[in-house]
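Peer 1:
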Amino acid sequence: MAFVAIYTVGRLKHPNEHPASREFFEVGYEVIRQAAKTGHLIKEFSPNRVLFPEKAIKGDGSPILTLTVWKCLQSLYRFTYSGQHKQALRDRNKWFGSLQERQPNYVVWWTEKVTDVSWKEAFKRYDFYIQHGPDPFAFDFKHAFDEF
């Protein structure tokens, strides 16, 4: 059985202590709680103590990076575009600045084992997507590939 991993990238417009950023962190906490309640979220990776690539931290605003593993692409997609997460996507311009051209906000890939998912792997998949576009190795919802 294959699982699906998603790596997301954002850059806060304001310092962490700014009211808009605090609102983002509060909403984010609730969103991840809702994700856990679905029963489809397998694992959430902490960004604490992760050595991010220079390009991930270079620029204005604090980088916000997430990495999660889900039971299937359909459950991830359903969660992304419903409930509190859907509202957070609508509100993202309050919290996040634009990324550089050709930088996606996320990348998705299939994995046979949850233990194969790591921050290092996420950075590799994201870079691949930027350089080559959607491919079974790294893709987005608009250009999704099945697990085979």
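Residues 1 to 148 in the numbering used here are what the sequence shown spells out, letter by letter.
All C-beta atoms in this analysis are idealised placements derived from N, C-alpha and C, irrespective of residue type, glycine included.
Predicted model only: the values in this text are computed from it and were never measured.
Rounded C-beta distance between THR153 and THR8? I'm assuming under 8 angstroms.
Peer 2: There is no way to answer for residue 153, as the model of the chain reaches only from 1 to 148.
Peer 1: Can you check whether the CB of GLN103 is closer than 9 angstroms to the CB of ILE130?
Peer 2: yes
Peer 1: Applying the 10 Å Cβ sphere with the 16-neighbour rule, what's the burial state of HIS85?
Peer 2: buried
Peer 1: Closest by CA to SER98, which one among ILE32, ALA36, LYS13 and TYR126?
Peer 2: LYS13
Peer 1: Helix, strand or coil, according to DSSP, for PRO63 in the structure here?
Peer 2: strand
Peer 1: Between the stretch 65-84 and the stretch 14-25, do three or more beta carbon pairs fall short of 8 angstroms?
Peer 2: no
Peer 1: Please state whether the Cβ-Cβ distance between ALA35 and TRP109 is less than 9 angstroms.
Peer 2: no
Peer 1: Taking the alpha carbon of LYS43 as the reference point, which residue from ASP91, TYR81, PHE3 and LEU51 has its own alpha carbon closest?
Peer 2: PHE3
Peer 1: At what residues does the alpha helix (DSSP H) containing THR115 begin and finish?
Peer 2: Premise fails: THR115 is in no alpha helix (DSSP H) and is neither H nor E.
Peer 1: Check whether the Cβ atoms of PHE137 and PHE128 sit closer than 9 angstroms, and answer yes or no.
Peer 2: yes
Peer 1: Output needed for ARG125: all residues of its chain with C-beta closer than 6 angstroms, excluding positions within five of it in sequence on either side, in chain order.
Peer 2: VAL107, TRP109 and ALA138
Peer 1: At the level of alpha carbons, what is the spacing between PHE25 and PHE141?
Peer 2: 25 angstroms
Peer 1: Quick check: the Cα distance between PHE52 and GLY133, rounded to an integer number of angstroms?
Peer 2: 22 angstroms
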